[in-house]
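Residue numbers (numbering that gives the first Met the number 0), protein chains in the order written: chain A, 0 to 183; chain B, 0 to 183.
Down below is the structure, laid out as structure tokens.
Number of protein chains: 2
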Amino acid sequence: MSLKYGILGLLSYGPMTGYELNRAFHASLAFFWKATMSQVYRELKQMEQKGWVSATTIIQHNGKPNKKEYTLTQEGREAFVRWLSGPVVDSDLEVRSAFLMKIFFSAQNSPMINRENLHRFKEISRKQLSALQQETAIQEYGQKIQDKRSVTYWELTRQFGERYYQLCVEWAEMALATVEDQGQ
Amino acid sequence: MSLKYGILGLLSYGPMTGYELNRAFHASLAFFWKATMSQVYRELKQMEQKGWVSATTIIQHNGKPNKKEYTLTQEGREAFVRWLSGPVVDSDLEVRSAFLMKIFFSAQNSPMINRENLHRFKEISRKQLSALQQETAIQEYGQKIQDKRSVTYWELTRQFGERYYQLCVEWAEMALATVEDQGQ
DNA sequence: TTAATCATGTAACACGTTACATGATTGC
DNA sequence: GCAATCATGTAACGTGTTACATGATTAA
């Protein structure tokens, strides 16, 4: 559901190709929404049929393959605004964690494997945290497009991510201590 | 991917019907994994074909519909243990948040709607937090089944949830202050 | 010479969501 | 009388994942 609106949102800054949309996704929305190339192309096809975006083929020379640039239509912009201004519902907050599923059943695992898994979780979280802290794309874009209001909101999502991974690291330390304490 | 293992994990505590599995899901795993009835029935059918679970029909009198009780087979238990003892991978930590997607683009929204959305997010998070704090299922089960080791791990997932929703509430307060500060 | 980048997709499968169907019993 | 609980599912659709296909250019 949200992938559609992620694409519309990115196109609201200006026209882009599927390939560029994919890069933009990875550079900015990846912390809270992952998308693959084939998904992006499929959504673009569907949205073109709906009339939310329109495509223009750009012929390239120098041996590079032709591009299809997508532009937001009036209906597309309206659909985006309807979603954006619509209310926040319970399901927008849903959490899904394969890792916690594993932890839930981990009493049936060997203590050694549990310690390893918790350590690995902590390390991955730490890496994600420092990646988000060193994130400069927001500042760069902000200086380029001179849109102070956008930067505020982009920065809020980044800060959520920072706090989240901070939590993961601290929880992992607590969990490791608990598991050791119990002599497991 | 994880729904399968959630079902196998619950069946590792003893045989259950699809209906009971659904209730168990809502009572224990719901914070980090949501499942619907039809999904549970579909997975059970697939896993029966794979030979991971076996079904026994229990004829009921007193007007109630017949039940099908599912039991973990040896192969099912092996598949579960393979998953449980397998390494934690990056994708096990993936975050997906429709709410943050909306915040990311919220510079294009009216300031009033943004304040409303942040307030609503804070309220939902607060409710989830107090629901998790008042959660007693873990203690009850623990006393019933006398499995101290399981309780430790169940409790770790609950604590992750508590910390997570605490973070949400605090972040929302910070975000509201930021948005007000900017005169938006 | 090998991998990465640019650029488009298709096909098949897996998983998640929503609506529908049946029908007795129990509590408000 | 109406909603909830017990208990099973099917069907259709929507979304996410993985593998495959093409083919030139550029940097290590």
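Note that CB positions come from ideal geometry on N, CA and C, so glycine has one too.
Original post:
Taking buried to mean at least 16 other C-beta atoms within 10 Å of its own C-beta, is G13(B) buried or exposed?
Top reply: Within the second sequence, numbered from 1, the residue matching residue 13(B) stands at position 14. By the 10 Å Cβ count, G13(B) comes out exposed.
**OP:** Using 10 angstroms around the beta-carbon of G85(A), count the other beta-carbons present and answer buried if the total reaches 16, otherwise exposed.
**Re:** On the first sequence, position 86 is the one that residue 85(A) refers to. Classification for G85(A): exposed.
Original post:
Alpha carbon to alpha carbon, how far is L175(A) from L117(A)?
Top reply: Position 176 of the first sequence, counted from the start, is the residue given in the question as residue 175(A). Position 118 of the first sequence, counted from the start, is the residue given in the question as residue 117(A). Taking the straight line joining both Cα atoms gives about 7 Å.
Subject >> Those residues which DSSP pairs with L71(B) across a bridge >> reply: Working through the second sequence from its first residue, we reach residue 71(B) at position 72. Among the bridge pairs identified by DSSP, L71(B) is matched with V52(B).
Subject >> the stretch 5–23 of chain A contacting the stretch 68–87 of chain A, beta-carbon criterion three pairs below 8 Å >> reply: yes
Original post:
What did DSSP end up calling I57(A) once you bin it into helix, strand or coil?
Top reply: Indexing the first sequence from 1 puts residue 57(A) at position 58. Of the three classes helix, strand and coil, the one that applies to I57(A) here is strand, per DSSP.
Original post:
alpha helix (DSSP H) containing W170(A): first to last residue?
Top reply: The residue labelled residue 170(A) in the question sits at position 171 within the first sequence. Run containing W170(A): 147–180, per the alpha helix (DSSP H) assignment.
**OP:** List the endpoints of the continuous alpha helix (DSSP H) containing A86(B).
**Re:** Within the second sequence, numbered from 1, the residue matching residue 86(B) stands at position 87. Reading the sequence as shown, one finds Pro at residue 86(B) and not Ala. Unbroken run through P86(B): none, as it is neither H nor E.
**OP:** Starting from G102(A), find everything on chain B with Cβ-Cβ shorter than 7 Å and list it in chain order.
**Re:** On the first sequence, position 103 is the one that residue 102(A) refers to. According to the sequence shown, residue 102(A) is Ile rather than Gly. Listed by position along chain B, the residues whose Cβ is nearer than 7 Å to that of I102(A) are Y152, L155, T156.
Subject >> Neighbour flag for R89(B) against chain A, beta carbons, 7 Å >> reply: Locating residue 89(B) in the second sequence gives position 90, where the first residue counts as 1. Looking at the sequence itself, residue 89(B) is Asp, so the reference to Arg does not match. It does: the Cβ of D89(B) has a partner Cβ on chain A nearer than 7 Å.
Original post:
Which value, in whole angstroms, describes the spacing of the CA atoms of P64(A) and I57(A)?
Top reply: Position 65 of the first sequence, counted from the start, is the residue given in the question as residue 64(A). Position 58 of the first sequence, counted from the start, is the residue given in the question as residue 57(A). Distance between the alpha carbons of P64(A) and I57(A): 9 Å.
Subject >> Per DSSP, the bridge partner or partners of T16(A) >> reply: Counting from 1 along the first sequence, the entry for residue 16(A) is found at position 17. Note: T16(A) sits in a beta bridge opposite E68(A).
**OP:** Starting from N65(A), find everything on chain B with Cβ-Cβ shorter than 8 Å and list it in chain order.
**Re:** For this step, residue 65(A) is matched to residue 66 along the first sequence. Under the 8 Å cutoff, chain B gives no residues; its nearest Cβ is about 30 Å from N65(A).
**OP:** Tell me whether N113(A) sits in a helix, a strand or coil according to DSSP, three-state version.
**Re:** Numbered from 1 along the first sequence, position 114 holds the residue referred to as residue 113(A). Residue state, collapsed to three classes: helix.
Original post:
Near Q165(A), which residues of its chain fall below 8 Å by C-beta distance, leaving aside the five closest residues on each side in sequence?
Top reply: One-based indexing of the first sequence puts residue 165(A) at position 166. Hits under 8 Å: L128.
Original post:
Shortest alpha-carbon distance to F30(B) belongs to which of D180(B), Q181(B), Y163(B), E172(B)?
Top reply: Working through the second sequence from its first residue, we reach residue 30(B) at position 31. Among D180(B), Q181(B), Y163(B), E172(B), the Cα nearest to that of F30(B) is on Y163(B).
Original post:
At which residues does the alpha helix (DSSP H) containing K63(A) begin and terminate?
Top reply: The count along the first sequence starts at 1 and reaches residue 63(A) at position 64. No alpha helix (DSSP H) holds K63(A); DSSP gives it neither H nor E.
Original post:
Over what stretch of residues does the alpha helix (DSSP H) that includes S1(A) continue unbroken?
Top reply: Start at 1 with the first residue of the first sequence, and residue 1(A) comes out as number 2. Taken as a continuous stretch (DSSP letters only), the alpha helix (DSSP H) holding S1(A) covers 1–10.
Original post:
Any beta-carbon of chain B closer than 7 Å to the one on I6(A)?
Top reply: Working through the first sequence from its first residue, we reach residue 6(A) at position 7. The beta carbon of I6(A) does not come within 7 Å of any beta carbon belonging to chain B, so the residue lies off that interface.
Original post:
What's the call for R22(A), buried or exposed, on a 16-neighbour Cβ count within 10 Å?
Top reply: Within the first sequence, residue 22(A) is the residue found at index 23, counting from 1. Label assigned to R22(A): exposed.
Original post:
At which residues does the alpha helix (DSSP H) containing L99(B) begin and terminate?
Top reply: By 1-based counting over the second sequence, the position of residue 99(B) is 100. Residues 97–103.
Subject >> Residue nearest to E42(A) in terms of C-alpha spacing, selected from W153(A), G5(A), S27(A), F159(A) >> reply: On the first sequence, residue 42(A) is found 43 positions in, with the first residue counted as 1. Of W153(A), G5(A), S27(A), F159(A), the residue nearest in Cα terms is G5(A).
Subject >> Min CB distance I123(A) to chain B below 7 Å >> reply: Residue 123(A) sits at position 124 when you count from the first residue of the first sequence. It does: the Cβ of I123(A) has a partner Cβ on chain B nearer than 7 Å.
**OP:** For E47(A), I'd like the list of residues in its chain whose CB is within less than 8 Å of its CB, leaving aside the five on either flank, ordered along the chain.
**Re:** The sequence position of residue 47(A) within the first sequence is 48, counting from 1. Counting only Cβ-Cβ distances below 8 Å, and skipping sequence neighbours, we find S53, A54, Y69.
Original post:
Less than 6 Å between the CB of T55(B) and some heavy atom of the ligand FAD, yes or no?
Top reply: Among the ligands in the structure shown, none appear at all, so the ligand FAD cannot be discussed.
**OP:** Evaluate T156(A) with the Cβ neighbour count: other Cβ atoms within 10 Å of its Cβ, from every protein chain shown; 16 or more gives buried, anything less gives exposed.
**Re:** One-based indexing of the first sequence puts residue 156(A) at position 157. Under this definition T156(A) is a buried residue.
Subject >> Per-residue burial, S184(A) [other beta carbons within 10 Å of its own, 16 or more giving buried] >> reply: For chain A, the structure presents residues 0 to 183; residue 184(A) sits outside this window and is missing.
Original post:
Near F98(B), which residues of its chain fall below 7 Å by C-beta distance, leaving aside the five closest residues on each side in sequence?
Top reply: As a working mapping, residue 98(B) is identified with position 99 in the second sequence. Only F120 meet the Cβ criterion.
**OP:** Pull out every residue of the stretch 27–49 of chain A whose Cβ sits closer than 8 Å to any Cβ of chain B, in chain order.
**Re:** S27, L28, F30, F31, W32, K33
**OP:** Using a Cβ-Cβ cut-off of less than 9 Å, give me the residues of the stretch 72–98 of chain A that come near chain B, in sequence order.
**Re:** F79, V80, W82, L83, S84, G85, P86, V87, V88, D89, S90, D91, L92, E93, V94, R95, S96, A97, F98
Original post:
Given a limit of 8 Å on CB to CB distance, which residues of the stretch 126–139 of chain B reach chain A?
Top reply: Q127
Original post:
Which whole-angstrom value is the C-beta distance of I123(A) and L92(B), which I expect to be below 8 Å?
Top reply: For this step, residue 123(A) is matched to residue 124 along the first sequence. For this step, residue 92(B) is matched to residue 93 along the second sequence. That belief holds up - the Cβ atoms of I123(A) and L92(B) are roughly 6 Å apart, short of 8 Å.
Subject >> Neighbourhood of K66(B) by C-beta distance below 6 Å, restricted to the same chain and skipping five residues each side >> reply: Counting from 1 along the second sequence, the entry for residue 66(B) is found at position 67. T16, I57, listed in sequence order.
Subject >> For Q59(A) and V94(A), the rounded distance between their alpha carbons >> reply: As a working mapping, residue 94(A) is identified with position 95 in the first sequence. As a working mapping, residue 59(A) is identified with position 60 in the first sequence. Near 43 Å, if we compare the C-alpha coordinates of Q59(A) and V94(A).
Subject >> 6 Å Cβ shell around V39(A) - same chain, five flanking residues per side excluded >> reply: Residue 39(A) sits at position 40 when you count from the first residue of the first sequence. So the list reads G17, L20, N21, once near-sequence residues are dropped.
**OP:** Under 9 Å between beta-carbons, which chain B residues line up against L264(A)? List them in chain order, please.
**Re:** A query on residue 264(A) cannot be resolved here, the shown segment of chain A reaching from 0 to 183 and no further.
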